[in-house]
Amino acid sequence: MNKVINVFIVGFGGFLGAIFRYLGGGIIQSISKNYEFPYGTLIVNLLGCFLIGLLGGYSDNMDMFSSKTRLFLFIGILGGFTTFSTFGYETIILLRDRAIVGALINISMHFILGLLFVYLGYSLSMR
14 MNKVINVFIV GFGGFLGAIF RYLGGGIIQS ISKNYEFPYG TLIVNLLGCF
64 LIGLLGGYSD NMDMFSSKTR LFLFIGILGG FTTFSTFGYE TIILLRDRAI
114 VGALINISMH FILGLLFVYL GYSLSMR
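Counted from 1, the sequence shown has number 114 at position 101 by our numbering; the numbering is strictly sequential.
Listed below in structure tokens is the structure:
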């Protein structure tokens, strides 16, 4: 029964995370007024990386989340919020459209800045 409850905890968190991703990414993309580059996805991924670093750091060092809360936050909400599958698709579309430089910038920014934001979030949690 406990595994069934865990599945529902993750599922509800994922539901919320996906809604946050959809709304947040859409708002960011419309603010950027550049519909040729996926800024909404980039910012959502960076925010997700930062939050998982920050909350993961707090969790690791202060033991502040129960196992069920970790399931809800990390696998559920942040798993539904971060959008690397969308990132992959948008990169393929950039390549398909022969926007090679845009695709390479997209890949580089997600990778380098994503790791940086996880590090920043984790470092901030140590203070």
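The C-beta atom is built at its ideal place from N, Cα and C for all residues, glycine as well. Treat the numbers as computed from the prediction; the structure is a model and nothing was measured.
Q. Can you tell which of Gly-92, Ile-18, Ala-116, Leu-68 has its C-alpha closest to the C-alpha of Glu-103?
A. Here the question's residue 103 lines up with position 90 in the sequence shown. Closest option to Glu-103, judged by alpha-carbon separation, among Gly-92, Ile-18, Ala-116, Leu-68: Ala-116.
Helix, strand or coil at Phe-63 according to DSSP, with G and I counted as helix:
As a first step, residue 63 is located in the sequence shown; it is residue number 50 there, counting from the start. Looking at Phe-63 - three-state DSSP - the assignment turns out to be helix.
Report task. Please classify Arg-111: does DSSP put it in a helix, a strand, or coil? Result -> Reading the sequence shown from its first residue, position 98 is the one you call residue 111. In the three-state DSSP reduction, Arg-111 falls in the coil class, being neither helix nor strand.
Exercise. Determine the extent of the alpha helix (DSSP H) in which Asn-15 is found, giving its start and end residues.
Key: Position 2 of the sequence shown holds residue 15. 15-45 is the extent of the alpha helix (DSSP H) around Asn-15.
Relative to the alpha-carbon of Met-4, which residue among Leu-68, Phe-21, Arg-83, Leu-60 has its alpha-carbon at the smallest distance? No information on residue 4 is available, as it lies outside the stretch 14 to 140 that the chain covers here.
If I measure Cβ to Cβ from Gly-37 and keep anything under 6 angstroms in the same chain, skipping five residues before and after, which residues do I get?
For the purposes of this step, residue 37 is taken as residue 24 along the sequence shown, with counting starting at 1. The beta carbon of Gly-37 sits closer than 6 angstroms to those of Val-57, all from its chain and outside the five residues before and after it, given in chain order.
Which residues bound the alpha helix (DSSP H) around Tyr-132? As a first step, residue 132 must be located in the sequence shown, where it is residue number 119. Boundaries of the alpha helix (DSSP H) harbouring Tyr-132: 127-138, taken from the DSSP string.
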